[in-house]
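**Q** Quick one: the structure is below, and I'll ask about it shortly.
Protein chains in written order, with this note's numbering: chain A, 1256 to 1494; chain B, 1256 to 1494.
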């Protein structure tokens, strides 16, 4: 497989960065090709703006997704976006590796999503979910957090279940562009645990990475279950 | 009320910007004090980093939340963060006004959340949800999107229900720091509708804003329902 790891942590000595380094070593060791986009090291610009297009379809009014579509077609995307999009299109598997900030990705990684998942290439019109532009690829979230697993165990837990908390990323983003989303890897309670306990998590992460190819993807919508207006098709009830 | 509107749209002529302008006029007209943080106009830096602290508690290893806690206590937050935090502490109501990007806020606004909701001041330890540092304040999401309302009508809809899709923002962020979260205002299908239809939405938005003070907040967790380890307390079943 070709694997792109998009990594976003402000501290190069962090546990999260160790997870990224372990992923590179483990996945290369298993014979895969790996590229890394280390967003902090790259000084990645996360702000979607008119400057993302070398030529504007409509220079007087910015509709970001429409300009993406034009620019992707005509080779007018800003060079930093074009370079990341090339890596994404090369990859069979996308790993987003990050510390959980406010139950989501850090802003620098949100800006990778905003700018690189380009309309026209990754989605557009009725090309989303299982008909998305990146169908055939897989993706997963790999993150560290301060919380503990019981705080996200199910809907009775203090923060509720993981599925809704991660829904904008796993369904609204990764599945939306057509990728099959593998179950996430969460490294719990990282700021509060011993070096030994961190070592255990890294061992678990290695095992998780080596077992990726047999992990079944999470359920996600199929457009076959909706009409062209995107209303759910009724199940026929037998008489 | 003191009201802070944090607005994030890259196009000053956008409908979303018109929503922000209408909110300022309507809320000031109703006798409230309003401040606006227009993140694109301010060239807001969304990237959480070591540069956010004028003095570091630990200059050798960045634990972002710990540095926030120290810096907030000792007056060492970067000036752009300190200015936004002052506005937030002044506000009785926070309005996040934005175009929905990937079922979430644009990166520039995610970075306002990452950098301004400072540990120690806004939350910390067991000070979250109804015991959060911003308890007593209210907050709401006000956003424009390309999708239509039936696409988020309930869990059978193509994108599922709004509650899980907005959970990281409404529960994981706004409720987490103690704010009561009011039902959101969604401006649907904006890129595809007539000027007349847009006018109807603006009228609905004005009515929504004028009725805010009687809107019941969304349900959110209470720490009284959890033990000190944040395990759910069992309901006693009467014998």
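Where is the CB? At the ideal position from N, CA and C, for every residue including glycine.
Whole angstroms are fine: how far does the CA of residue 1473/B sit from the CA of residue 1260/B?
**A** By one-based count along the second chain, residue 1260/B stands at place 5. By one-based count along the second chain, residue 1473/B stands at place 218. Residue 1260/B and residue 1473/B: Cα-Cα distance of roughly 20 Å.
**Q** Where DSSP assigns a beta bridge to residue 1442/B, which residues make up the other side?
**A** On the second chain, residue 1442/B is found 187 positions in, with the first residue counted as 1. 1399/B.
**Q** In terms of residue numbering, what span does the alpha helix (DSSP H) encompassing residue 1270/B cover?
**A** Working through the second chain from its first residue, we reach residue 1270/B at position 15. Where residue 1270/B is concerned, the enclosing alpha helix (DSSP H) stretches over 1270-1284.
**Q** In chain B, what lies closer than 7 Å to residue 1420/A by C-beta?
**A** The residue given as residue 1420/A occupies position 165 in the first chain. Within 7 Å Cβ-Cβ: 1422, 1423 and 1427.
**Q** What residue ranges within the stretch 1383-1439 of chain A form continuous beta strand (DSSP E) runs of no fewer than 3 residues, ordered along the chain?
**A** Fully enclosed beta strand (DSSP E) runs of 3 or longer: 1393-1399.
**Q** Would the stretch 1394-1411 of chain A count as touching the stretch 1344-1355 of chain A if we require 3 or more Cβ pairs under 8 Å?
**A** yes
**Q** How many angstroms separate the CA atom of residue 1303/A from the CA atom of residue 1282/B?
**A** One-based indexing of the first chain puts residue 1303/A at position 48. One-based indexing of the second chain puts residue 1282/B at position 27. Rounded to whole angstroms, residue 1303/A to residue 1282/B spans 29 Å at the Cα level.
**Q** Determine the burial state of residue 1323/B: buried for a count of at least 16 other Cβ atoms within 10 Å of its Cβ, exposed for fewer.
**A** Reading the second chain from its first residue, position 68 is the one you call residue 1323/B. Per the 10 Å Cβ criterion, buried.
**Q** For residue 1464/B, collect the residues of the same chain with a Cβ closer than 7 Å to its Cβ; drop the 5 residues on either side in sequence, then sort them by chain order.
**A** The residue given as residue 1464/B occupies position 209 in the second chain. 1278, 1281 and 1282.
**Q** Is the beta carbon of residue 1383/A closer than 8 Å to that of residue 1436/A?
**A** Taking the first chain and counting its residues from 1, the one referred to as residue 1436/A is at position 181. Taking the first chain and counting its residues from 1, the one referred to as residue 1383/A is at position 128. The answer is no: Cβ separation not under 8 Å.
**Q** For residue 1299/A, is the classification buried or exposed, using 16 other Cβ atoms within 10 angstroms of its Cβ as the cut-off for buried?
**A** Position 44 of the first chain holds residue 1299/A. Buried, by the Cβ-count rule.
**Q** Cα separation between residue 1363/B and residue 1366/A?
**A** Here the question's residue 1363/B lines up with position 108 in the second chain. Here the question's residue 1366/A lines up with position 111 in the first chain. Answer to the nearest angstrom: the Cα atoms are 8 Å apart.
**Q** Chain B partners of residue 1486/A, CB-CB under 7 Å?
**A** What you label residue 1486/A is simply residue 231 of the first chain in a count that begins at 1. Within 7 Å Cβ-Cβ: 1405.
**Q** Could you say which of 1339/A, 1457/A, 1344/A and 1272/A lies nearest to residue 1390/A if we only look at CA atoms?
**A** Within the first chain, the letter at position 135 stands for residue 1390/A. Minimum Cα distance to residue 1390/A is reached at 1344/A.
**Q** Is the beta carbon of residue 1346/B closer than 8 Å to that of residue 1392/B?
**A** Counting from one through the second chain, the residue named residue 1392/B turns up at place 137. Counting from one through the second chain, the residue named residue 1346/B turns up at place 91. Yes, Cβ-Cβ distance for residue 1392/B and residue 1346/B is below 8 Å.
**Q** Considering only the beta carbon of each residue, do residue 1423/B and residue 1423/A sit closer than 8 Å?
**A** Along the second chain, read from residue 1 onward, the residue named residue 1423/B stands at position 168. Along the first chain, read from residue 1 onward, the residue named residue 1423/A stands at position 168. Yes, they are a contact pair.
**Q** Rounded to whole angstroms, what is the Cα-Cα separation between residue 1368/A and residue 1445/B?
**A** Position 113 of the first chain, counted from the first residue, corresponds to residue 1368/A. Position 190 of the second chain, counted from the first residue, corresponds to residue 1445/B. Spanning the two alpha carbons is a distance of roughly 22 Å.
**Q** CA-CA distance, residue 1271/B and residue 1321/A?
**A** Within the second chain, the letter at position 16 stands for residue 1271/B. Within the first chain, the letter at position 66 stands for residue 1321/A. If I take the Cα positions, the gap works out to 17 Å.
**Q** Looking at the C-beta of residue 1366/A, does it have a partner C-beta in chain B at a distance below 8 Å?
**A** One-based indexing of the first chain puts residue 1366/A at position 111. Yes - at least one Cβ of chain B is within 8 Å of the one on residue 1366/A.
**Q** Under the assumption that residue 1292/B contacts residue 1339/B (Cβ atoms under 8 Å), give the Cβ distance between them as a whole number of angstroms.
**A** Against the second chain, residue 1292/B aligns to sequence position 37. Against the second chain, residue 1339/B aligns to sequence position 84. Between residue 1292/B and residue 1339/B, the beta carbon gap of about 6 Å places them in contact (Cβ cut-off 8 Å).
**Q** Going straight from the alpha carbon of residue 1453/A to that of residue 1460/A, what length do you get?
**A** By one-based count along the first chain, residue 1453/A stands at place 198. By one-based count along the first chain, residue 1460/A stands at place 205. Straight-line Cα distance between these residues: approximately 10 Å.
**Q** Counting contacts by CB-CB distance shorter than 8 Å, is residue 1385/B in contact with chain A?
**A** Translated into the one-based positions of the second chain, residue 1385/B becomes position 130. No, residue 1385/B does not count as interfacial toward chain A.
**Q** Are the CB atoms of residue 1480/B and residue 1205/B within a distance shorter than 8 Å?
**A** With chain B covering only 1256 through 1494, there is no way to say anything about residue 1205/B.
**Q** Which residues of chain B have a Cβ atom closer than 9 Å to the Cβ of residue 1268/A, listed in chain order?
**A** Your numbering for residue 1268/A matches position 13 in the first chain. Residues of chain B passing the Cβ test: 1315, 1316 and 1317.
**Q** Should residue 1447/A be labelled buried (16 or more other beta-carbon atoms within 10 Å of its own) or exposed?
**A** By 1-based counting over the first chain, the position of residue 1447/A is 192. Burial call: exposed.
**Q** Closest Cβ-Cβ distance between residue 1293/A and chain B: below 8 Å?
**A** Numbered from its first residue, the first chain carries residue 1293/A at position 38. Answer no: the Cβ-Cβ gap between residue 1293/A and chain B never drops below 8 Å.
**Q** What residue ranges within the stretch 1289-1334 of chain A form continuous alpha helix (DSSP H) runs of no fewer than 4 residues, ordered along the chain?
**A** 1294-1297 and 1319-1329
**Q** When the cut-off is 8 Å and only beta carbons count, does residue 1363/A lie next to chain B?
**A** Position 108 of the first chain, counting from 1, holds the residue named residue 1363/A. Closer than 8 Å: yes.
**Q** For chain B, is any of its Cβ atoms less than 8 Å away from the one on residue 1359/A?
**A** Working through the first chain from its first residue, we reach residue 1359/A at position 104. So, interface residue.
**Q** Straight-line CA distance for residue 1414/B to residue 1381/A?
**A** Numbered from 1 along the second chain, position 159 holds the residue referred to as residue 1414/B. Numbered from 1 along the first chain, position 126 holds the residue referred to as residue 1381/A. Approximately 13 Å between the Cα atoms of the pair.
**Q** Taking only beta-carbon atoms, is residue 1369/B less than 8 Å away from chain A?
**A** Residue numbering aside, residue 1369/B sits at position 114 when the second chain is read from its first letter. Closer than 8 Å to the CB of residue 1369/B there is at least one CB belonging to chain A.
**Q** Label residue 1484/A either buried or exposed according to how many other C-beta atoms from any shown protein chain fall within 10 Å of its C-beta, with 16 as the threshold for buried.
**A** Numbered from 1 along the first chain, position 229 holds the residue referred to as residue 1484/A. Classification for residue 1484/A: exposed.
**Q** Checking 8 Å against the spacing of the C-beta atoms, do residue 1457/A and residue 1273/A come in under that value?
**A** Stepping through the first chain from its first residue, residue 1457/A is reached at position 202. Stepping through the first chain from its first residue, residue 1273/A is reached at position 18. Result yes, Cβ atoms of residue 1457/A and residue 1273/A sit closer than 8 Å.
**Q** For residue 1348/B, report the span of its beta strand (DSSP E) as first-last.
**A** Taking the second chain and counting its residues from 1, one reaches residue 1348/B at position 93. Per DSSP, residue 1348/B belongs to the beta strand (DSSP E) from 1348-1354.
**Q** Given that a residue counts as buried once 16 or more other Cβ atoms are within 10 Å of its Cβ, and exposed if not, what is residue 1450/B?
**A** In the second chain, the residue the question calls residue 1450/B occupies position 195. Flag for residue 1450/B reads exposed.
**Q** In whole angstroms, what separates the C-alpha of residue 1462/B from that of residue 1316/A?
**A** Taking the first residue of the second chain as 1, we reach residue 1462/B at position 207. Taking the first residue of the first chain as 1, we reach residue 1316/A at position 61. Answer to the nearest angstrom: the Cα atoms are 28 Å apart.
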